[in-house]
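See structure below.
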Amino acid sequence: MKFCTVKQYFDDENNNNVTNGIATTVIPLPNKHLKIKANNKEMEQYEQELLRNVMPQELTKLILAANYLNFKEALDFFCRTVANAIQNKSVDYVRKFFGLESDFEPGEEEKLCKEFAWSFEGVDED
Amino acid sequence: MSQTREPPTLRHRNNHLPYDVVLNILGQLPVKSVMRLRCVSKSLYSSIASPDFISTHLNNINHDNAHVIHIESESTRVINRQVCMVALARTFDRISEIGVPFDFPTKCVQIVGSCNGLLCLADYPPGNVVHLWNPSIRRFKKLPHTCLGLLKHVTLGFAYCSESNDYKVVRTSGSSLSTSEIEMYSLSSDSWKRVEISVTTDVIFCKNLVSPIPFVSGALHWMASVKEENRMTETDIMAFDVNSEKFRKLALPHGSIDGPLLQRCVASFRGKLAFFEESGFQYSIWVMGDYEMIKQRGRDLSML
């Protein structure tokens, strides 16, 4: 049984965590997985198609849904897609994206950036 | 009395992902991005540095990309810096050159071994100067001086110790005519310490032709000339278990020929221990079937 929370989702009428739109994307995934189980490439293409026009911000909704539904394969896949989308983004972009705040002392962050200056090469402009 | 219920909506209280999901995403990023994003915050910095994150990230690396390393054993370059050649796939159609960021006293360099993306290099032939190098994060470290006396006829082995999540380098030195001295370096203690085999056993470790000392099933394996008390000298395989830090003797395969003019070496073959022998026009390869059986029987293995 791929995810146990689905039953709970349908039973829980006051559920605000997953909209119908998201559910229609996430829930058919296991069946599709089963149908083309042996062929990884086909699955990859299906998944690429699914997420072709989805922006990173939209993906957060899908991730929250997969997380809530306890659907590990979908969660890993969505996380991988986000990772591919943000891999060349700047530190500031990623901070805002995840809603994290810098808690470095003044000068500490600069020191770190200098130490790993090579990792800042080729970063996208914000 | 029933209340009118509103249709369910996605409540974006903060629209932010749980922290463990953030780490899941970061764990799928290439190394360069991960290193840069350590500057996001202190808590992210320490999460990324944690052993759990590091091993998850290591497991996420695509294992289809086999990295084969080649390094020129003798530098003919004008600039006195070595270059390491890396093949990024088993098809060898993408090859990169990575400059070695440190120097050796001699122009010759040997690859002692590689584990989890960490390389161990040493000067060749002395084997006195050893460096550990992680090309992905561009960090390297020179090991401290030996704790043995004068080093002679050195062999080196590099291993990963899974039980303690530590990296170890083992060096043998044949300064004495009758027996080799052994020392072991561990990255966690950043120091060398002597290793004894047994008071009643003399072991001379052999160089493994031009191949690295193989690391198989948690142990480093050498060809060695072994003399136990009240027994004749014989050629065996000495296996050093890096977790228990103990040596074990393995017999050579049945059918191997004992003779001084043979070319022989041990190697790692598809994760198993292999033994190569060349005698005149015949080349033989043995691959050990079941490593556990050796511990019980004290002998081995099937002929390929």
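First to last, the protein sequences are chains Y and X. Just so we're aligned: the first sequence equals residues 1 to 126 in UniProt numbering. Just so we're aligned: the second sequence equals residues 1 to 304 in UniProt numbering. Where a beta carbon is used, it is the ideal one built from N, C-alpha and C, also for glycine. Keep in mind the model is a prediction, meaning the values are calculated, not measured.
Whole-angstrom C-beta distance between residue j and residue i, which should lie under 8 Å
i	j	result
Lys227 (chain X)	Thr233 (chain X)	4 Å
Ala66 (chain Y)	Ala74 (chain Y)	4 Å
Asp241 (chain X)	Gly218 (chain X)	6 Å
Leu132 (chain X)	Glu183 (chain X)	So it is not a contact: roughly 16 Å between Cβ atoms.
Collapsed DSSP secondary structure at residue i in the structure displayed
i	result
Leu118 (chain X)	strand
Met35 (chain X)	helix
Ile36 (chain Y)	With a pLDDT of 48 at Ile36 (chain Y), under the threshold of 50, the predicted position of this residue should be treated as unreliable, though the coordinate-derived value follows. Of the three classes helix, strand and coil, the one that applies to Ile36 (chain Y) here is coil, per DSSP.
Cys265 (chain X)	strand
Thr235 (chain X)	strand
Glu277 (chain X)	strand
Pro18 (chain X)	coil
His57 (chain X)	helix
Arg80 (chain Y)	helix
Lys114 (chain Y)	helix
Ser173 (chain X)	strand
Phe215 (chain X)	strand
Gly298 (chain X)	Caution applies to Gly298 (chain X), whose pLDDT of 31 falls short of 50 and renders its modelled position unreliable; the model cannot decide the point.
Lys107 (chain X)	coil
Asp290 (chain X)	coil
Asp52 (chain X)	helix
Arg140 (chain X)	Correcting the residue type first, residue 140 (chain X) is Phe in the shown sequence and not Arg. DSSP places Phe140 (chain X) in strand when its eight states are reduced to three.
Under 7 Å by beta carbon: chain Y residues contacting residue i
i	result
Lys32 (chain X)	Ser119
His153 (chain X)	The premise fails here: His153 (chain X) is roughly 39 Å from chain Y at the closest Cβ pair, so nothing lies under 7 Å.
Ile25 (chain X)	Cys79, Val82 and Ala83
residue 345 (chain X)	Look at the range of chain X in this structure, 1 to 304, and you will see that residue 345 (chain X) is not part of it.
Gln28 (chain X)	Cys79, Arg80 and Ala83
Val22 (chain X)	Phe98
Arg138 (chain X)	Trp118
Where the alpha helix (DSSP H) containing residue i begins and where it ends
i	result
Tyr93 (chain Y)	Val91 to Phe98
Tyr45 (chain X)	Lys42 to Ala49
Gly246 (chain X)	Residue 246 (chain X) is actually Lys in this sequence, not Gly. Looking at the DSSP string, Lys246 (chain X) is not in any alpha helix (DSSP H); the run it does join, the beta strand (DSSP E), is Lys246 to Leu250.
First through last residue of the beta strand (DSSP E) which encompasses residue i
i	result
residue 305 (chain X)	Residue 305 (chain X) is absent from the structure shown; chain X starts at 1 and stops at 304.
Tyr283 (chain X)	Gln282 to Val287
Ile98 (chain X)	Ile95 to Gly99
Asn134 (chain X)	Val130 to Asn134
Where residue i meets chain Y, residues with beta-carbon distance less than 8 Å
i	result
Ser41 (chain X)	Arg95, Leu100, Glu101, Ser102, Asp103 and Phe104
Pro18 (chain X)	Asn67
Leu118 (chain X)	Correct list: empty, because the minimum Cβ distance to chain Y is about 18 Å.
Val83 (chain X)	Per Cβ cutoff of 8 Å: no residues; Val83 (chain X) is ~18 Å from chain Y at best.
Neighbour list for residue i in chain X, Cβ cutoff strictly below 8 Å
i	result
Leu112 (chain Y)	Arg38, Cys39 and Tyr45
Glu109 (chain Y)	Cys39
Partner residues on chain X for residue i, Cβ-Cβ distance less than 7 Å
i	result
Phe116 (chain Y)	Met35 and Arg36
Partners in chain Y for residue i, counting only beta-carbon separations shorter than 9 Å
i	result
Pro144 (chain X)	Those do not exist, as Pro144 (chain X) stays about 23 Å from chain Y at its closest Cβ, beyond 9 Å.
Arg248 (chain X)	The premise fails here: Arg248 (chain X) is roughly 40 Å from chain Y at the closest Cβ pair, so nothing lies under 9 Å.
- Task: Identify every run of the beta strand (DSSP E) within the stretch 143 to 168 of chain X, keeping only runs that are complete inside it and at least 3 residues long; order them along the chain.
- Result: 155 to 161
- Query: Which ranges would you report for the alpha helix (DSSP H) in the stretch 175 to 210 of chain X if only whole runs of at least 4 residues count?
  - Reply: none
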